[in-house]
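For reference, each letter of the sequence shown is one residue, going 139 to 474 in our numbering. No residue lacks a Cβ here, since even glycine has one placed at the ideal position from N, Cα and C. Note that the structure is a prediction, hence the values are computed from the model and not measured. Shown next, in structure tokens, is the structure this report addresses.
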Amino acid sequence: YQDKEEVVLWMNTVGPYHNRQETYKYFSLPFCVGSKKSISHYHETLGEALQGVELEFSGLDIKFKGIVGEADENGEDYYLWTYKKLEIGFNGNRIVDVNLTSEGKVKLVPNTKIQMSYSVKWKKSDVKFEDRFDKYLDPSFFQHRIHWFSIFNSFMMVIFLVGLVSMILMRTLRKDYARYSKEEEMDDMDRDLGDEYGWKQVHGDVFRPSSHPLIFSSLIGSGCQIFAVSLIVIIVAMIEDLYTERGSMLSTAIFVYAATSPVNGYFGGSLYARQGGRRWIKQMFIGAFLIPAMVCGTAFFINFIAIYYHASRAIPFGTMLGVLLFAASPYPVLES
Numbered sequence: 139y140q141d142k143e144e145v146v147l148w149m150n151t152v153g154p155y156h157n158r159q160e161t162y163k164y165f166s167l168p169f170c171v172g173s174k175k176s177i178s179h180y181h182e183t184l185g186e187a188l189q190g191v192e193l194e195f196s197g198l199d200i201k202f203k204g205i206v207g208e209a210d211e212n213g214e215d216y217y218l219w220t221y222k223k224l225e226i227g228f229n230g231n232r233i234v235d236v237n238l239t240s241e242g243k244v245k246l247v248p249n250t251k252i253q254m255s256y257s258v259k260w261k262k263s264d265v266k267f268e269d270r271f272d273k274y275l276d277p278s279f280f281q282h283r284i285h286w287f288s289i290f291n292s293f294m295m296v297i298f299l300v301g302l303v304s305m306i307l308m309r310t311l312r313k314d315y316a317r318y319s320k321e322e323e324m325d326d327m328d329r330d331l332g333d334e335y336g337w338k339q340v341h342g343d344v345f346r347p348s349s350h351p352l353i354f355s356s357l358i359g360s361g362c363q364i365f366a367v368s369l370i371v372i373i374v375a376m377i378e379d380l381y382t383e384r385g386s387m388l389s390t391a392i393f394v395y396a397a398t399s400p401v402n403g404y405f406g407g408s409l410y411a412r413q414g415g416r417r418w419i420k421q422m423f424i425g426a427f428l429i430p431a432m433v434c435g436t437a438f439f440i441n442f443i444a445i446y447y448h449a450s451r452a453i454p455f456g457t458m459l460g461v462l463l464f465a466a467s468p469y470p471v472l473e474s
């Protein structure tokens with residue numbers, strides 16, 4: 139913030155406490171609205187739009203979100219918190235801490251007026267802007283030694299499982315080789331009467347072309363792309379603090395998915411060419427639109443449910459179409 143710059147406060151969505159996926163507009167409930175009505179529009183990011191984040195201007199001097207009331211143990215009487223006490227910590231010209239305390243519990247009675255009030259207190263803080271999220275994290279859990287211990291534990295478990303499977307496979311193959319060496323000593327008649335067993339039963343199917351090479355190669359290319367996206371996003375999350383910005387993880391995954399489209403085109407197109415495929419243009423479009431179309435198709439169905447219940451999780455169809463076209467960009471043609 140700059141000196142004398144207005145602190146604009148937004149209201150996020152609300153919903154049931156035990157179902158975080160069900161969200162509604164903040165002012166769909168009868169909360170008090172500030173006196174200020176006109177303000178510039180909030181430009182949400184791509185990740186926020188896909189996550190159903192819909193910030194509304196409060197008209198007040200602060201954005202708050204928390205428990206608005208409670209019910210008694212019998213569930214017969216309901217109470218509303220009518221007083222919001224806000225403490226805002228600032229370091230220089232940036233806000234680093236906001237603390238909300240709800241007070242003034244009033245029993246809800248039909249046809250009665252309830253007076254809502256709030257207060258704001260500003261205080262200096264020594265917390266740096268980059269460390270403002272540390273208070274919401276568990277320091278004992280996010281220590282590096284625990285991370286390294288988990289990685290080492292998972293690594294040793296993978297080595298143990300790979301070794302176990304390899305040992306079982308080697309014993310099976312050793313028995314097969316022993317049987318095949320005995321067959322070499324038999325004459326041709328006994329060898330023809332014997333049945334094939336072990337890996338010889340599938341030796342002719344190992345390099346046999348797929349009956350649907352177009353779909354098979356598109357799935358292989360999409361799988362390689364998803365693996366590349368997962369690896370890059372994990373590395374970026376380890377280097378950068380993606381959790382500090384709302385929707386940044388999802389936005390990063392979408393941009394990385396579009397940028398790694400050549401991976402899809404290379405592996406899917408080369409596999410399709412090795413299997414003798416000639417319709418490479420069709421394979422390119424199927425490989426590019428396969429995963430985005432499946433994800434957007436599922437989101438399209440969920441979108442109708444959200445629209446029916448007037449939930450804020452509904453994604454604009456223009457945004458969904460833009461993400462589909464962006465994620466399925468024709469980069470695979472570079473490698474096909």
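Between the region 212-226 and the region 237-249, the count of C-beta pairs closer than 8 angstroms reaches three or more; the two stretches touch. Of the candidates PRO430, PHE455, VAL433, ALA431, PHE455 places its Cα closest to the Cα of PHE442. Under DSSP, GLY227 takes part in a beta bridge, and its partners are ASP235, LYS261. Contact between the region 393-401 and the region 431-440 is not established, with fewer than three Cβ pairs separated by less than 8 angstroms. Shortest Cα-Cα distance from TYR274 to any of MET294, VAL236, GLU378 involves VAL236. In the three-state scheme derived from DSSP, where H, G and I count as helix and E and B as strand, MET149 is classed as strand. With respect to the 8 angstroms criterion, TYR162 and ALA449 are classified as neighbours on the basis of their beta carbons.
Contact between the region 418-426 and the region 345-360 is present, with at least three C-beta pairs closer than 8 angstroms. Distance check between GLY359 and each of SER386, TYR410, MET387 places TYR410 closest, using alpha-carbon atoms only.
As DSSP reads the structure, VAL244 sits in a beta bridge with LEU218. Here GLN363 is buried: its Cβ has 16 or more other Cβ atoms, across all protein chains shown, within 10 Å. Note on ASN402: 16 or more other CB atoms within 10 angstroms of its CB, so buried under the neighbour-count rule. ARG412 and LEU428 have their alpha carbons spaced roughly 21 angstroms apart.
The continuous alpha helix (DSSP H) containing GLY406 extends over residues 399-412. The beta carbon of PRO154 is closer than 8 angstroms to those of GLU160 in its chain, skipping five residues each way along the sequence.
Beta-bridge partners assigned by DSSP to PHE195: TRP148.
In terms of Cα proximity to PHE464, the closest of GLY406, ILE445, ILE392 is ILE392. Boundaries of the alpha helix (DSSP H) around VAL433: 418-446.
Residue burial annotation: MET149 is buried, with at least 16 other C-beta atoms found within 10 angstroms of its C-beta.
With a threshold of 16 other beta carbon atoms within 10 Å, ALA316 falls short and is exposed. Short of 7 angstroms from the beta carbon of GLY414, and not among the five residues preceding or following it, lie these beta carbons of its own chain, in chain order: PRO347. For the pair PHE287 and VAL234, the CB atoms are not nearer than the 8 angstroms cut-off.
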